[in-house]
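See structure below.
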Amino acid sequence: MAIQRPKGTQDLLPGTVEQWQYLEETIRRVCRDYGYEEIRTPIFEATELFQRGVGQTTDIVKKEMYTFLDKGDRSMTLRPEGTASVCRAYVEDKLYGQSQPVKLYYTGPMFRYERPQSGRFRQFHQFGVEVLGADQPIVDAEVICLVWDLYQRLGLRGLEVHLNSVGCPTCRAAHREQLQRFLTTRKSELCQDCQERYERNPLRILDCKNPNCQAVTEGAPTTLDTLCDDCRSHFEKVLSLLSGAGVAYRVDPRLVRGLDYYTKTAFEVMVEEIGAQSAICGGGRYDGLVEEIGGPATPGIGFAMGLERVLAALQVQGKFPDTKPKLFAMLIALGDKAQNEGFAIMNALRGKGVPVRMDLLGRSLKAQLKAADREGAELALILGEEELERQVLLLRDLNSGEQTEVPLSKVIEVIYMKHQRGV
RNA sequence: GUGGGUAUGGCGAAGUGGUUAACGCACCGGAUUGUGGCUCCGGCACUCGUGGGUUCAAGUCCCACUAUCCACCCCA
């Protein structure tokens, strides 16, 4: 059987690629407007970076990484997300020495070994933003506003920003203790996974989708209940800034992000109608991450957006602009000599920026006209032996059917002028 | 990793055991010789994901494998 692409990957074909380009262009424009600069990091990194950065207890590290040994027996991993790499670069390339904060963005493929389904792939694409070196709540708000603004520019509707604060290490410890105390008598009612989470990472029990666990945790203390004064005022400031900016957010005390590095603000943007995987963007603050991977203590915040999912939302909402490239003229040459002459004319016109094409299959006049029509050409430039003899070219308007003769010596000029006038 | 659905020409899609595998779209060719878009005519699957099995006979039944889709876990 013929070789097929790896499971969970996709070939992006003409017709679809234009949609990606549109999305990417919009992203770059927003980033430029907000003063974020692009960073490009390797697509694979030392496995240890993700183990330490993303966290040993996360699903990503436990079961989803594409890890391999290179020829020097070093363990390498195709990046499952972008934040760890950006922080590594911040440290390795000493970006902390530049004026702070450093505002970066990236787009590119990420890899996770999972069973594919709607909105989930093994190779998928993310656009992400990271701000390093600023701990003020205004940064959290700006980053969320950037996301919101991007969606507005794309024309997406029905979005909801879910917001929470998971606190700092201090209040997190207090929360952990309170939560464990709350659950202590009903621990046996929890699902298998949550029983394990009870010791390792009780916070995640709040996020369990099992209806039984949700019932058990009804009324359990949330991270919001146990925030320290600093975290609380930080969160409140973020909320008030977002309200002022007109962002439609909803505080969700049970929102817990799947990565270990988050502190304080955590958020997700959800959109219905694209299937079960409705999170279109996720992010938050990670004030301990840079230090964790060996850099100076540096606050950070960022998000990652799944481009496949954004495109899916644009698709169902019918928000793509028309991007079909428009053909202006089809040059139809009949016979070998005419082809030589026609080819030269086509090149001259192309040199002046006029979109012209010629048949590449040696087809009949009829077939070529048909093709011109199908490709939406305004004009057909017909050059046969007869015309060549008389040094003219037939100029046929494909909309009206009108046909006139133009001397070969004036063709370039005439067509160029018509193109300029848009006729 | 677990569960369910589906696999027929480039795409969509009939076919519910029995001679030559509907149809639509797309594509190609033609309808007086060098003229498109509409119309008409014609062409386009020695074969039904792969491998076994049942049967006189299988695209149609059974088994396995593979692929794909959807869902769970989790996430983008």
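According to my numbering, the stretch in the first sequence is residues 385 to 807, in order.
Ideal Cβ positions, reconstructed from N, Cα and C, are used throughout, including at glycine.
Can you give the Cα-Cα distance for residue i and residue j, rounded to whole angstroms?
{"i": "G439", "j": "P464", "result": "12 Å"}
{"i": "S617", "j": "D454", "result": "48 Å"}
{"i": "W532", "j": "N783", "result": "43 Å"}
{"i": "R472", "j": "H803", "result": "51 Å"}
{"i": "L534", "j": "Q510", "result": "14 Å"}
{"i": "Q394", "j": "L777", "result": "46 Å"}
{"i": "V795", "j": "A717", "result": "14 Å"}
{"i": "G690", "j": "D720", "result": "52 Å"}
{"i": "L530", "j": "D524", "result": "10 Å"}
{"i": "F619", "j": "Q520", "result": "10 Å"}
{"i": "I685", "j": "A599", "result": "32 Å"}
{"i": "Q507", "j": "P493", "result": "6 Å"}
{"i": "S522", "j": "E759", "result": "In the sequence as presented, Ser is not what sits at residue 522; that position holds Ile. Distance between the alpha carbons of I522 and E759 is about 51 Å."}
{"i": "V545", "j": "Y406", "result": "24 Å"}
{"i": "D614", "j": "K621", "result": "11 Å"}
{"i": "L763", "j": "S502", "result": "43 Å"}
{"i": "T788", "j": "F727", "result": "21 Å"}
{"i": "S469", "j": "D457", "result": "21 Å"}
{"i": "P709", "j": "Q403", "result": "13 Å"}
{"i": "Q536", "j": "L396", "result": "25 Å"}
{"i": "F822", "j": "I677", "result": "One cannot answer for residue 822 here, as it falls past the ends of the chain, which runs 385 to 807."}
{"i": "P683", "j": "K487", "result": "12 Å"}
How would you write the range of the alpha helix (DSSP H) that residue i sits in, first residue to last?
{"i": "P595", "result": "P595 to V600"}
{"i": "E769", "result": "E769 to R774"}
{"i": "Y800", "result": "V795 to R805"}
{"i": "E786", "result": "It is not in any alpha helix (DSSP H) - E786 carries neither H nor E in the DSSP assignment."}
{"i": "R638", "result": "Unbroken run through R638: none, as it is neither H nor E."}
{"i": "Y698", "result": "Reading off the sequence shown, one finds Leu at residue 698, where the question assumed Tyr. L691 to V700 is the span of the alpha helix (DSSP H), which, as asked, contains L698."}
{"i": "V531", "result": "P521 to L538"}
{"i": "I572", "result": "Note that residue 572 is Ser in the sequence shown, not Ile. Unbroken run through S572: none, as it is neither H nor E."}
{"i": "E561", "result": "P553 to L567"}
If the criterion is Cβ atoms closer than 8 Å, does the pair residue i and residue j meet it?
{"i": "G466", "j": "A688", "result": "yes"}
{"i": "E797", "j": "A722", "result": "no"}
{"i": "V550", "j": "T607", "result": "yes"}
{"i": "L749", "j": "Q775", "result": "no"}
{"i": "C578", "j": "C592", "result": "yes"}
{"i": "R541", "j": "Q699", "result": "no"}
{"i": "G679", "j": "Y646", "result": "no"}
{"i": "V674", "j": "C665", "result": "no"}
{"i": "D636", "j": "L574", "result": "no"}
{"i": "A629", "j": "L711", "result": "no"}
{"i": "L779", "j": "L765", "result": "yes"}
{"i": "A713", "j": "I799", "result": "yes"}
{"i": "Y489", "j": "C415", "result": "yes"}
{"i": "L538", "j": "T410", "result": "yes"}
{"i": "G392", "j": "P500", "result": "yes"}
{"i": "T491", "j": "T461", "result": "no"}
{"i": "R588", "j": "V640", "result": "yes"}
{"i": "L715", "j": "V740", "result": "yes"}
Decide if residue i is buried, meaning its Cβ has at least 16 other Cβ atoms within 10 Å, or exposed.
{"i": "P605", "result": "buried"}
{"i": "S624", "result": "exposed"}
{"i": "R496", "result": "buried"}
{"i": "I400", "result": "Correcting the residue type first, residue 400 is Thr in the shown sequence and not Ile. The residue in question, T400, is exposed, as its Cβ has fewer than 16 Cβ neighbours within 10 Å."}
{"i": "M801", "result": "exposed"}
{"i": "P862", "result": "Because residue 862 is not part of the residues shown, which for the chain are 385 to 807, the question remains open."}
{"i": "P586", "result": "buried"}
{"i": "I729", "result": "buried"}
{"i": "K736", "result": "exposed"}
{"i": "R436", "result": "buried"}
{"i": "G601", "result": "Position check: residue 601 holds Thr in this sequence, whereas Gly was assumed. Buried, by the Cβ-count rule."}
Quick one: what's residue i bridged to in DSSP?
{"i": "I766", "result": "I716 and L778"}
{"i": "I685", "result": "V515 and R669"}
{"i": "G492", "result": "Q510"}
{"i": "F505", "result": "DSSP, once it has assigned bridges, lists no residue as partnering F505."}
{"i": "N548", "result": "A650"}
{"i": "A663", "result": "M654"}
{"i": "F452", "result": "M460"}
{"i": "M742", "result": "L715"}
{"i": "K487", "result": "V515"}
{"i": "E421", "result": "L488"}
{"i": "L543", "result": "V655"}
Could you tell me the boundaries of the beta strand (DSSP E) in which residue i lies?
{"i": "I634", "result": "A small correction: the amino acid at residue 634 is Arg; Ile does not occupy that position in the sequence shown. Counting along the chain, the beta strand (DSSP E) containing R634 begins and ends at Y633 to V635."}
{"i": "F428", "result": "F428 to A430"}
Using 7 Å as the cut-off, classify the Cβ of residue i as near or not near the heavy atoms of the ligand NAD, replying yes or no.
{"i": "V776", "result": "The model on display carries no ligand, and the ligand NAD is accordingly not part of it."}
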